[in-house]
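S.K.: Sharing a structure, written as structure tokens. Questions coming.
In full-length UniProt numbering, the protein residues as written are 1 to 366.
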């Protein structure tokens with residue numbers, strides 16, 4: 001059957017390998033784990049700080065929780081893409097498996113637009129609350145943030161509807177063998193990539209003039225700019241995602257490059273969540289930093305003292321009184337021994353003097 005054959009004809013000299021093909025499994029597992037872990041830690045840190053330290057929640061805090069839930073939800077179809085041949089060359093997977101991959105890719109694409117919108121919405125609402133709590137306070141931020149919010153909302157709604165209604169009947173999206181009609185997905189991919197890059201840079205640059213105009217020490221001003229400038233990492237992931245989007249359009253090896261694009265999509269969402277949470281992280285560090293530092297310092301001192309006692313105990317010798325036959329049970333350190341002339345004719349004194357001399361020479365004979 002056609003469905004049991006390779007999804008794409010292999011290059012010259014290559015034999016399809018359905019049983020143990022080369023793939024990106026290790027990279028997929030590492031990227032997914034890191035993105036979910038750091039995204040989750042960032043949200044938990046933010047919510048703890050806002051609930052227990054600042055004791056105040058704003059709209060953007062609820063929005064970032066929704067975005068994080070979307071990240072969790074978007075990870076599920078991504079994993080299914082991987083299980084259906086994502087990250088494997090087209091000629092190393094069967095056509096029926098490739099159709100299964102296309103099904104999950106379509107679901108992931110529809111979810112992605114909503115997730116990335118909520119990430120950006122959280123950042124923009126934070127800008128408004130910090131820099132433009134009233135319309136007259138900072139008209140540039142107020143207008144700019146609202147333009148970004150509505151532009152992103154409209155664009156991602158359109159792309160999500162396009163992904164859902166790409167083909168008639170809808171099943172033809174993941175099974176091109178079915179009769180029907182489809183719009184070209186190439187334009188959607190390319191437009192999505194370009195818009196993401198432009199909107200990410202717009203959001204990155206939007207607060208910079210306002211930060212520079214703040215009346216505060218230069219050192220603190222630069223620190224704030226550095227915190228907000230971390231958004232450049234999201235821009236980088238967005239550019240790389242766009243790059244692999246174009247590779248999908250131009251290369252017949254769709255299953256391999258589709259997974260690469262998916263990995264950068266996960267990185268883009270994760271870095272966006274982390275950057276949205278960064279402004280409250282310093283408060284968390286100021287609260288727990290001294291406690292953690294004090295605890296580590298105390299433990300370090302305790303460990304050092306215990307090691308010192310353990311080392312010095314190796315150089316403890318029996319008390320001279322005990323060595324001379326006394327019933328006393330106390331132990332003295334090396335420094336407590338008499339350092340004057342020894343009576344080497346006495347067996348016990350001779351043995352102790354020999355032990356001291358060996359130690360002073362670095363010997364271990366006793």
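Backbone N, C-alpha and C fix where the C-beta goes; we use that ideal spot for every residue, glycine too.
Between the Cα of residue 13 and those of 297, 271, 91, 128, spot the shortest distance and give me the residue it belongs to.
M.R.: For this step, residue 13 is matched to residue 13 along the chain shown. Nearest C-alpha to residue 13: 91.
S.K.: Could you give the distance in angstroms between the alpha-carbon of residue 9 and the alpha-carbon of residue 253?
M.R.: Here residue 9 refers to the residue found at position 9 when the chain shown is read from its first residue. Here residue 253 refers to the residue found at position 253 when the chain shown is read from its first residue. Going from the Cα of residue 9 to the Cα of residue 253 covers about 10 Å.
S.K.: Going by the beta-carbon positions, is the gap between residue 164 and residue 172 smaller than 7 Å?
M.R.: Counted from its first residue, the chain shown places residue 164 at position 164. Counted from its first residue, the chain shown places residue 172 at position 172. No.
S.K.: Examine the Cβ distances between the region 29-47 and the region 225-242 and report whether three or more of them are shorter than 8 Å.
M.R.: no
S.K.: Please state if the CB of residue 186 and the CB of residue 249 are separated by a distance shorter than 7 Å.
M.R.: Mapped onto the chain shown, residue 249 falls at position 249. Mapped onto the chain shown, residue 186 falls at position 186. A contact, by the Cβ cut-off of 7 Å.
S.K.: Mapping the DSSP letters down to three states, classify residue 215 as helix, strand or coil.
M.R.: As a working mapping, residue 215 is identified with position 215 in the chain shown. Residue 215: coil per DSSP, three-state reduction.
S.K.: Looking only at its own chain, which residues have a Cβ that is under 6 Å from the Cβ of residue 263, when we skip the five neighbours before and after it?
M.R.: Reading the chain shown from its first residue, position 263 is the one you call residue 263. These residues qualify, in order along the chain: 31.
S.K.: Going along the chain, which residues of its own chain have a beta-carbon closer than 6 Å to the beta-carbon of residue 17, five neighbours each way excluded?
M.R.: Looking up residue 17 in the chain shown gives position 17. Within the same chain, residue 17 has close Cβ partners 92.
S.K.: Per the contact definition of three or more C-beta pairs closer than 8 Å, is the region 262-276 in contact with the region 119-127?
M.R.: yes
S.K.: By DSSP, does residue 49 sit in helix, in strand, or in coil?
M.R.: Here the question's residue 49 lines up with position 49 in the chain shown. Residue 49 falls in the helix class under three-state DSSP.
S.K.: Shortest alpha-carbon distance to residue 370 belongs to which of 193, 51, 228, 207?
M.R.: No information on residue 370 is available, as it lies outside the stretch 1 to 366 that the chain covers here.
S.K.: So, residue 151 versus residue 127, is the Cβ gap smaller than 7 Å?
M.R.: Stepping through the chain shown from its first residue, residue 151 is reached at position 151. Stepping through the chain shown from its first residue, residue 127 is reached at position 127. No, these two residues do not count as a Cβ contact at 7 Å.
S.K.: Where in the region 118-191 do unbroken runs of the alpha helix (DSSP H), each at least 4 residues long, occur, reported from the N-terminal end onward?
M.R.: 139-164
S.K.: Have a look at residue 21 and residue 245 and give me their C-alpha separation to the nearest angstrom.
M.R.: Locating residue 21 in the chain shown gives position 21, where the first residue counts as 1. Locating residue 245 in the chain shown gives position 245, where the first residue counts as 1. Going from the Cα of residue 21 to the Cα of residue 245 covers about 23 Å.
S.K.: May I ask you to report which of helix, strand or coil DSSP gives residue 282?
M.R.: Position 282 of the chain shown, counting from 1, holds the residue named residue 282. DSSP places residue 282 in helix when its eight states are reduced to three.
S.K.: Run through DSSP, which three-state label would residue 6 get?
M.R.: Taking the chain shown and counting its residues from 1, the one referred to as residue 6 is at position 6. DSSP places residue 6 in strand when its eight states are reduced to three.
S.K.: Would you kindly work out how many angstroms separate the C-alpha atoms of residue 111 and residue 156, rounded to a whole number?
M.R.: Within the chain shown, the letter at position 111 stands for residue 111. Within the chain shown, the letter at position 156 stands for residue 156. Residue 111 and residue 156: Cα-Cα distance of roughly 10 Å.
S.K.: Residue 78 lies in the alpha helix (DSSP H); which residues open and close that run?
M.R.: Working through the chain shown from its first residue, we reach residue 78 at position 78. 59-83 is the extent of the alpha helix (DSSP H) around residue 78.
S.K.: Less than 8 Å between the CB atoms is what I'm expecting for residue 43 and residue 76, so what's the real figure, rounded?
M.R.: Residue mapping note: residue 43 aligns to position 43 of the chain shown, counting from 1. Residue mapping note: residue 76 aligns to position 76 of the chain shown, counting from 1. 18 Å between Cβ atoms; not a contact.
S.K.: Decide if residue 330 is buried, meaning its Cβ has at least 16 other Cβ atoms within 10 Å, or exposed.
M.R.: As a first step, residue 330 must be located in the chain shown, where it is residue number 330. A caution first: residue 330 carries a pLDDT of 29, below 50, which makes its placement in the model unreliable, though a value can still be read off. That one is exposed.
S.K.: Buried or exposed for residue 181, please, with buried defined as at least 16 other CB atoms from any protein chain shown within 10 angstroms of its CB.
M.R.: Taking the first residue of the chain shown as position 1, residue 181 is located at position 181. So residue 181 ends up on the exposed side.
S.K.: Tell me whether residue 101 counts as near the ligand HEM, meaning its Cβ is closer than 6 Å to at least one heavy atom of that ligand.
M.R.: What this structure holds is no ligand at all, so the ligand HEM is not there to describe.
S.K.: Tell me whether residue 98 is buried or exposed, calling it buried when 16 or more other Cβ atoms sit within 10 Å of its Cβ.
M.R.: Working through the chain shown from its first residue, we reach residue 98 at position 98. Buried, because 16 or more other Cβ atoms sit within 10 Å of the Cβ of residue 98.
S.K.: Look up residue 94 in the DSSP assignment and give the residues it is bridged to.
M.R.: Here residue 94 is taken as the residue at index 94 of the chain shown, counted from 1. DSSP lists 6 as partners of residue 94.
S.K.: According to DSSP, is residue 228 part of a helix, a strand, or is it coil?
M.R.: Here residue 228 corresponds to residue number 228 of the chain shown, with the count starting at 1. In the structure shown, residue 228 sits in a helix (DSSP, three-state: H, G or I).
S.K.: Roughly how many angstroms lie between the CA atoms of residue 23 and residue 88, to the nearest whole one?
M.R.: Along the chain shown, read from residue 1 onward, the residue named residue 23 stands at position 23. Along the chain shown, read from residue 1 onward, the residue named residue 88 stands at position 88. Straight-line Cα distance between these residues: approximately 5 Å.
S.K.: Contact check, residue 74 vs residue 198 under 8 Å by CB: the rounded distance?
M.R.: Here the question's residue 74 lines up with position 74 in the chain shown. Here the question's residue 198 lines up with position 198 in the chain shown. With a Cβ gap of about 22 Å, residue 74 and residue 198 do not count as contacting.
S.K.: If I follow the unbroken alpha helix (DSSP H) through residue 265, where does it start and stop?
M.R.: As a working note, residue 265 is residue 265 in the chain shown. Taken as a continuous stretch (DSSP letters only), the alpha helix (DSSP H) holding residue 265 covers 254-277.
S.K.: Is residue 226 buried or exposed, if buried means 16 or more other CB atoms sit within 10 Å of its CB?
M.R.: Counted from its first residue, the chain shown places residue 226 at position 226. Under this definition residue 226 is an exposed residue.
S.K.: Closest to residue 189 by CA distance: which of 140, 138, 296, 241 is it?
M.R.: Residue numbering aside, residue 189 sits at position 189 when the chain shown is read from its first letter. With respect to the C-alpha of residue 189, the residue from 140, 138, 296, 241 having the closest C-alpha is 241.
S.K.: Report the rounded CA-to-CA distance for residue 212 versus residue 162, giving the unit in angstroms.
M.R.: For the purposes of this step, residue 212 is taken as residue 212 along the chain shown, with counting starting at 1. For the purposes of this step, residue 162 is taken as residue 162 along the chain shown, with counting starting at 1. Taking C-alpha positions only, residue 212 is separated from residue 162 by approximately 41 Å.
S.K.: Would you kindly work out how many angstroms separate the C-alpha atoms of residue 214 and residue 221, rounded to a whole number?
M.R.: Against the chain shown, residue 214 aligns to sequence position 214. Against the chain shown, residue 221 aligns to sequence position 221. Distance between the alpha carbons of residue 214 and residue 221 is about 7 Å.
S.K.: Who are the Cβ neighbours of residue 50 in its own chain at under 7 Å, not counting the five residues just before and after it?
M.R.: Counting from 1 along the chain shown, the entry for residue 50 is found at position 50. These residues qualify, in order along the chain: 56, 57, 61, 280.
S.K.: State the DSSP-derived secondary structure class of residue 20, mapped to helix, strand or coil.
M.R.: Looking up residue 20 in the chain shown gives position 20. Looking at residue 20 - three-state DSSP - the assignment turns out to be coil, as it is neither helix nor strand.
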